[in-house]
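What follows is a single structure, written as structure tokens, with notes after it.
2 protein chains.
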Amino acid sequence: MKTRIRVCQDGTYVKPASNKLAYGTMVFVRVGICYDSLRHLMRAVTIATRYAAVRHQSKIDSRESEPQILEYQTQQYKVLPQIATVFALMFSANTVRNTYYTVQDNLKDGNLNLLPELHALSCGLKALCTTDATSGIEILRLSCGGHGYLASSNLPRIFVWATAAQTYEGENTVLWLQVARYLMKCYREVSRGGQLQPSVVYLAEDNHTIIPTRDLTNEGLVQRLKRSVFRMVQSSAAELESRQIAGERYERAWNASSIGLVKCAQAHIRYFVCKQFVKSVGIYEGSEPVKQLLEQLCRLYLLYTITKNQGILLRAGSLSNGELNKLEGELGELLAELRLDAVNIVDAFDCHDAVLNSTLGSWDGDVYNRLYRAAMESPLNKSDVTDGYQKYMKAHLKSNL
Amino acid sequence: MKTRIRVCQDGTYVKPASNKLAYGTMVFVRVGICYDSLRHLMRAVTIATRYAAVRHQSKIDSRESEPQILEYQTQQYKVLPQIATVFALMFSANTVRNTYYTVQDNLKDGNLNLLPELHALSCGLKALCTTDATSGIEILRLSCGGHGYLASSNLPRIFVWATAAQTYEGENTVLWLQVARYLMKCYREVSRGGQLQPSVVYLAEDNHTIIPTRDLTNEGLVQRLKRSVFRMVQSSAAELESRQIAGERYERAWNASSIGLVKCAQAHIRYFVCKQFVKSVGIYEGSEPVKQLLEQLCRLYLLYTITKNQGILLRAGSLSNGELNKLEGELGELLAELRLDAVNIVDAFDCHDAVLNSTLGSWDGDVYNRLYRAAMESPLNKSDVTDGYQKYMKAHLKSNL
Chain A
1 MKTRIRVCQD
11 GTYVKPASNK
21 LAYGTMVFVR
31 VGICYDSLRH
41 LMRAVTIATR
51 YAAVRHQSKI
61 DSRESEPQIL
71 EYQTQQYKVL
81 PQIATVFALM
91 FSANTVRNTY
101 YTVQDNLKDG
111 NLNLLPELHA
121 LSCGLKALCT
131 TDATSGIEIL
141 RLSCGGHGYL
151 ASSNLPRIFV
161 WATAAQTYEG
171 ENTVLWLQVA
181 RYLMKCYREV
191 SRGGQLQPSV
201 VYLAEDNHTI
211 IPTRDLTNEG
221 LVQRLKRSVF
231 RMVQSSAAEL
241 ESRQIAGERY
251 ERAWNASSIG
261 LVKCAQAHIR
271 YFVCKQFVKS
281 VGIYEGSEPV
291 KQLLEQLCRL
301 YLLYTITKNQ
311 GILLRAGSLS
321 NGELNKLEGE
331 LGELLAELRL
341 DAVNIVDAFD
351 CHDAVLNSTL
361 GSWDGDVYNR
371 LYRAAMESPL
381 NKSDVTDGYQ
391 KYMKAHLKSN
401 L
Chain B
1001 MKTRIRVCQD
1011 GTYVKPASNK
1021 LAYGTMVFVR
1031 VGICYDSLRH
1041 LMRAVTIATR
1051 YAAVRHQSKI
1061 DSRESEPQIL
1071 EYQTQQYKVL
1081 PQIATVFALM
1091 FSANTVRNTY
1101 YTVQDNLKDG
1111 NLNLLPELHA
1121 LSCGLKALCT
1131 TDATSGIEIL
1141 RLSCGGHGYL
1151 ASSNLPRIFV
1161 WATAAQTYEG
1171 ENTVLWLQVA
1181 RYLMKCYREV
1191 SRGGQLQPSV
1201 VYLAEDNHTI
1211 IPTRDLTNEG
1221 LVQRLKRSVF
1231 RMVQSSAAEL
1241 ESRQIAGERY
1251 ERAWNASSIG
1261 LVKCAQAHIR
1271 YFVCKQFVKS
1281 VGIYEGSEPV
1291 KQLLEQLCRL
1301 YLLYTITKNQ
1311 GILLRAGSLS
1321 NGELNKLEGE
1331 LGELLAELRL
1341 DAVNIVDAFD
1351 CHDAVLNSTL
1361 GSWDGDVYNR
1371 LYRAAMESPL
1381 NKSDVTDGYQ
1391 KYMKAHLKSN
1401 L
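These protein sequence lines map, in sequence, to chains A and B. Here this note's numbering is used: the first residue of the first sequence is 1, the next is one more, and so on. Here this note's numbering is used: the first residue of the second sequence is 1001, the next is one more, and so on.
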């Protein structure tokens, strides 16, 4: 990029060789937003995990004392999948960032082939990361009960930062429709015998009519997801076509099919993220214990994603009720296993206390003293009765209105 | 209630005849929160609908000018189901409020029979109303793009009010588990031949093995939903039992099954809300045009709820992929029809401009002048360059650090 000066010293703007090259910076910024989003989620899940290990409440077993709230399965279900999501989003962001560098290299030789793929991936991943990070942070904020609503927990502020990214640098619905446009274009390419890029190459596979596997391994689940997305793409393309046959212009048919098109795009990117997670863990070459932990987190992410999006798999006949029951059972057991490592994993995120800026989530776990000090510092607690009462309310309340 | 003085003039507390009577106020407050939630949603949807009718952007048909954004199907899908949700929550809140009055009357005669039913319904409806209102408001805020993030839109403030209610007066997960406890208790009652209260009487029906209808009318859809909830209750009860048979104590089995139990409770209350909507519209005796509109909104709510929760229906075999395709097609058409009445319906909510307090959603639709005035009033715009720049940043930026 350095070789192509766009604005000269005297302010003259020099157009790039192709208008499409202007996409480069836009793509780069969107990948950056993916990293921002997963870091927001990382901070929120650090705070919520530590709090859930410090906070004791109610009883699971009436013969025992109040457990850490992280012992409750419903709490584990709120917290642990968000830890796995941080990794899922990171591996996919890494993949798209690497594609960006490849495209930048190709551009030097005037090769624009991968640009549409990169554009679609960066649109979709930006939309998915910002959506999932925001909803994850809200789940985590709620997991801290009333304390999560406190400004001093910092969770409300993290939420506000994260949710804004759903709108800026490409509003998410607009981005999903960009992804859908790419999918429909590639799907049509198949019948014309065109070459497809890596993320959509499955649209050209001809084995979607059979379920390729009955096993529930990671690879089996990703296969089933792929098959379900293929069915959705196929069904949206058919709807567009039948509307056109009925006399609608393509643009109007597009608008009338757009709820389904957005769902296609979301499913396609979800499939991409699951596939990248499995692939990245597979080629990981660090220590064995870390690899094992990554495998558990990957499994958790798949189970969480698939049970939450069960509708699309069931509709495609890619998964049965009995299989879902099994997966749900496994999810419960995996949560209980990972619960033991939860605090260690978020400690390994290595978010500094100054960055977390939270009464609930500091490294030392000293929640209640921090809460007390924050309360003491609140302007509302500077006097027993606030000035506002003396100035405005007292006269009214003491009169006989 | 007036006849039972609880705290005397001298401060003495007089205990009620039964400890359970203390639930009364708690129930009343929870029903009140349901109304608060739907009113927050009502305000947000008024703002978003009016904005979507004023705002023009992009093109659906390249030969025509920029349409109102409410013409986009994806926009209709964000806005219109939230209008229907306001009505859905209101009809259910009315039903639970009436049950509350019945229970209060019964209590005078020492009849506590309906109290557990009322307790479960008020827990569940509070959890559902606060969850759905909050997520609906966030969808509506996002539907206004960058303008929705402005404080002057008032949508962020409405969201903050609404989301707090998910935590206070019974944290929602705790409330869902209360509902689940009631469901499991009632399900066990059936085998003992016990009498069930109205909201759970379906647990005693013996026709859940067959799909009673293949039609897709409102009644047909509610039947299918009922059948699906029954299957979930049955499956959760079976899990609890098999864990106990395997040697777990009931309390531990409960915790290990609680993700599924929460889903049972949510599905049960969703079924309740759908049923009440259909019933309330059925007995509505106002003018014919209003009744027709209510029928359309009821249908929209059912289609929206069922397609969003398709997984539970598919798993129970209560609905097929082909039927879901039909319902989705109908949903798209209904959105386009209801779009014509959208502004009129929110006008009929009659939320005063002073209550909406929004640059985007005032009655006169004068969005851009209001935005301009709000910008002019912002302290940030009092000078071309903010004081902070002169005081802190200029020296750094102009130096050669």
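All C-beta atoms in this analysis are idealised placements derived from N, C-alpha and C, irrespective of residue type, glycine included. Just so it is clear, the structure is predicted and the values come from calculations on it, not from any experiment.
Taking 9 Å as the upper bound on Cβ-Cβ separation, chain A lies near residues 1058, 1059, 1060, 1061, 1062 and 1063 of the segment 1036-1067 of chain B.
For residue 52 of chain A, the uninterrupted alpha helix (DSSP H) segment begins and ends at 23-54. Residues of chain A whose Cβ lies closer than 8 Å to the Cβ of residue 1340 of chain B do not exist; the shortest such Cβ separation is about 16 Å. DSSP places residue 1104 of chain B within a helical segment (H, G or I) once states are collapsed to three. In the same chain as residue 380 of chain A, and ignoring 5 residues on each side of it, the C-beta atoms closer than 8 Å to its own belong to 386, in chain order. Apart from the 5 residues on each side of it in sequence, residue 97 of chain A sits with its Cβ closer than 6 Å to the Cβ of 31 in its chain, given in chain order.
Taking a cut-off of 8 Å for Cβ pairs, the segment 1039-1055 of chain B and the segment 1131-1138 of chain B touch, as three or more such pairs fall below it. Counting along the chain, no alpha helix (DSSP H) covers residue 1015 of chain B, and no H or E run does either. Look at residue 361 of chain A: its C-beta is not under 8 Å from any C-beta on chain B. In chain order, 310, 314, 321 and 324 make up the part of chain A whose C-beta sits under 8 Å from the C-beta of residue 1315 of chain B. Taking the Cα positions, residue 196 of chain A is about 21 Å away from residue 93 of chain A. Under the Cβ distance rule, residue 1262 of chain B counts among the residues neighbouring chain A, one pair being separated by less than 8 Å. About 5 Å separates the CB atoms of residue 144 of chain A and residue 51 of chain A; that is less than 8 Å, so the two are in contact.
No Cβ-Cβ contact shorter than 8 Å links residue 259 of chain A with residue 1390 of chain B. Nearest Cα to residue 272 of chain A within the set A:248, A:219 and A:314: A:219. Buried is the label assigned to residue 1039 of chain B, since at least 16 other Cβ atoms lie within 10 Å of its Cβ.
The Cβ-Cβ distance between residue 56 of chain A and residue 64 of chain A does not fall below 8 Å. Residues of chain A with a Cβ closer than 7 Å to the Cβ of residue 1249 of chain B are, in chain order, 61. Residue 1068 of chain B is bridged by DSSP to B:1056.
The secondary-structure analysis by DSSP pairs residue 1007 of chain B across a beta bridge with B:1013. Between residue 1328 of chain B and chain A, the shortest Cβ-Cβ separation is below 8 Å. Judged by their CB atoms, residue 49 of chain A and residue 354 of chain A are not nearer to each other than the 8 Å cut-off.
Within its own chain, no residue has a Cβ closer than 8 Å to the Cβ of residue 1025 of chain B once the five positions on either side in sequence are excluded. Sorting A:228, A:356, A:142 and A:367 by C-alpha distance to the C-alpha of residue 315 of chain A places A:228 at the top. Counting of Cβ neighbours within 10 angstroms places residue 132 of chain A among the buried residues, the total reaching 16 or more. DSSP, reduced to helix, strand and coil, places residue 1195 of chain B outside both helices and strands of the structure shown, so it counts as coil. Our two residues, residue 253 of chain A and residue 266 of chain A, have alpha carbons roughly 20 Å apart in a direct line. Residue state for residue 1271 of chain B is assigned as helix, using DSSP reduced to three classes.
Counting of Cβ neighbours within 10 angstroms places residue 1214 of chain B among the exposed residues, the total staying below 16. When secondary structure is reduced to three states using DSSP, residue 206 of chain A falls in the coil class, being assigned neither helix nor strand. For residue 1182 of chain B, the closest Cβ of chain A is not nearer than 8 Å. Contact annotation for residue 1171 of chain B against chain A: 145 [CB-CB distance below 7 Å, chain order].
Apart from sequence neighbours up to five positions away, the residues of its chain that approach residue 1204 of chain B with a beta-carbon distance below 6 Å are 1190 and 1196, ordered along the chain.
Proximity of residue 252 of chain A to chain B, defined by a Cβ-Cβ separation below 8 Å, is satisfied. Note on geometry: alpha-carbon atoms of residue 1015 of chain B and residue 146 of chain A lie some 30 Å from one another.
Inter-segment contact for the segment 74-89 of chain A and the segment 161-172 of chain A is absent: fewer than three beta-carbon pairs are separated by less than 8 Å.
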